[in-house]
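Student: In short: position in the sequence shown from 1, add 92, done, that's this note's numbering. This is the structure I want to talk about, given as structure tokens.
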Amino acid sequence: MVIVITGASSGIGYETAKFLSLKGYKVYGLSRRTFEDEHFVNLPCDITDYNRVKDCFEEIYQKEGRIDVLINNAGMGISGAVEYTENSDIKKIFDVNVLALINACKLVVPYLRKSGKGKIVNVSSVASTVPIPFQAFYSATKSAVQQFSYALRLELKQFKIDVSVVCPGDTKTNFTSSRVKDNVVEDELYGKRIVNSIQKMEKDEQNGMPPIEVSKIIYKIIKKNHSPACKTVGFGYKMIMLLVKILPTRFMLWVVSKLYG
Ligand SMILES: NC(=O)c1ccc[n+]([C@@H]2O[C@H](COP(=O)([O-])OP(=O)(O)OC[C@H]3O[C@@H](n4cnc5c(N)ncnc54)[C@H](OP(=O)(O)O)[C@@H]3O)[C@@H](O)[C@H]2O)c1
């Protein structure tokens, strides 16, 4: 089985690429960084460069004769108040987290169809369902990923292509240090709210689960004959997702505001 995973140079993507190759799959990573790894092949690729992504899929297909699984994992974060965020940063996060993922799905479908069946696993986040203040754009992109994935799952059912979403909670990776934080400021309008909220979230991430926990869930999804539509990673986060669904929205937002100011 041939697996392509985006964002394989670090964190969840790296651990997953390594874990899956140790399980016997042929794994190709797509990330901007150039590196050699003993477990899998990484093709240098910016996923927002659609022609490059197209060429990478074709190169893998020519070499392996098939593509069976696409894991859309690459992602980025930005923090800060909505009104202070540059439009160029807003565009960037939607380009990387949403539009590039959609493009990769579009491009991979013909290859998966040629294999007779296939799987697409899109990495979203608990933040898709729990709206985080001063992380509005991140939550919005991950929500978009979730709804897009569900609709695509329905469209592709007839071709035996399963589309699944994985929602990790806080995970200890480089995501925290890579986040764009130009607008994390203390000022007369928001006081310390922005800084405090981001500090809490970053502390939770750095005390979060190891990325391998997410890799194990992705592995389970790939192995299943009929993959689930959505899997949240971690018992505590599963409970949070359940509560968000059953609690009145106003109450849920009040709880989030108590946690993140
Ligand atoms: N960490 C958490 O707490 C957490 C929680 C929920 C969901 N997630 C999601 O999990 C996924 C992986 O994040 P992580 O925590 O493992 O973070 P990470 O360690 O920062 O890894 C992010 C990966 O995305 C790649 N990437 C970013 N922009 C790219 C681009 N334009 N083209 C190609 N690759 C790109 C990076 O590779 P290059 O820089 O080499 O391109 C890197 O391999 C993300 O979608 C994130 O939203 C993370």
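C-beta atoms are modelled at their ideal positions from N, C-alpha and C, and glycine is treated no differently. Quick caveat: nothing in here was measured; it's all calculated off a predicted structure.
#1: Drop a sphere of 10 angstroms on the beta-carbon of S270, count the other beta-carbons inside from all chains shown, and report buried for 16 or more, exposed for fewer.
#2: Please check the pair I338 and V258, which I expect to be a contact at CB under 8 angstroms, by giving their CB distance rounded to whole angstroms.
#3: Where DSSP assigns a beta bridge to Y120, which residues make up the other side?
#4: Which complete beta strand (DSSP E) runs does the segment 163-233 hold, if anything under 3 residues is left out?
#5: Find out if the Cβ-Cβ distance for the pair M293, G261 is shorter than 9 angstroms.
#6: Out of M168, D160, P136, which one is the CA nearest neighbour of F229?
#7: Where does the unbroken beta strand (DSSP E) through I253 begin, and where does it stop?
#8: In chain order, what residues of the same chain lie with their CB nearer than 8 angstroms to the CB of V145, ignoring the 5 residues before and after it?
#9: Going by C-alpha distance, which of I290, Q239, A321 is nearest Y352?
#10: CB of T324 to nearest heavy atom of ligand 1: below 8 angstroms?
#11: From this set, K206, V336, S241, which residue's C-alpha is nearest Y153's C-alpha?
#12: Would you check whether ligand 1 has a heavy atom nearer than 8 angstroms to the C-beta of A228?
#13: Given 8 angstroms as the limit, tell me if T221 has its C-beta closer than that to any heavy atom belonging to ligand 1.
#14: Could you compute how far the alpha carbon of S319 sits from the alpha carbon of E128?
Tutor: Let me spell this out:
#1: Within the sequence shown, numbered from 1, the residue matching residue 270 stands at position 178. By the neighbour-count rule (16 or more Cβ atoms within 10 Å), S270 is not buried but exposed.
#2: If you number the sequence shown from 1, residue 338 lands on position 246. If you number the sequence shown from 1, residue 258 lands on position 166. Incorrect: roughly 22 angstroms between the Cβ atoms, too far for contact.
#3: Sequence index remark: in the sequence shown, residue 120 carries index 28 (1-based). Y120 pairs with V96, V133.
#4: 170-172, 210-215
#5: Against the sequence shown, residue 293 aligns to sequence position 201. Against the sequence shown, residue 261 aligns to sequence position 169. Contact: no.
#6: As a position in the sequence shown, residue 229 is number 137, starting the count at 1. Comparing Cα-Cα distances from F229 to each of M168, D160, P136, the minimum goes to M168.
#7: For the purposes of this step, residue 253 is taken as residue 161 along the sequence shown, with counting starting at 1. Residues 253-260.
#8: Taking the first residue of the sequence shown as 1, we reach residue 145 at position 53. Around V145: L122, C137, I139, A192, N195, A196, L199.
#9: The sequence position of residue 352 within the sequence shown is 260, counting from 1. Checking every option, the nearest Cα to that of Y352 belongs to I290.
#10: Along the sequence shown, read from residue 1 onward, the residue named residue 324 stands at position 232. The answer is no for T324.
#11: As a first step, residue 153 must be located in the sequence shown, where it is residue number 61. Measuring from the Cα of Y153, the nearest candidate turns out to be K206.
#12: Along the sequence shown, read from residue 1 onward, the residue named residue 228 stands at position 136. No, since every heavy atom of ligand 1 falls outside the 8 angstroms radius drawn around the Cβ of A228.
#13: Stepping through the sequence shown from its first residue, residue 221 is reached at position 129. Not so, every heavy atom of ligand 1 lies at least 8 angstroms from the Cβ.
#14: Looking up residue 319 in the sequence shown gives position 227. Looking up residue 128 in the sequence shown gives position 36. Answer to the nearest angstrom: the Cα atoms are 31 angstroms apart.
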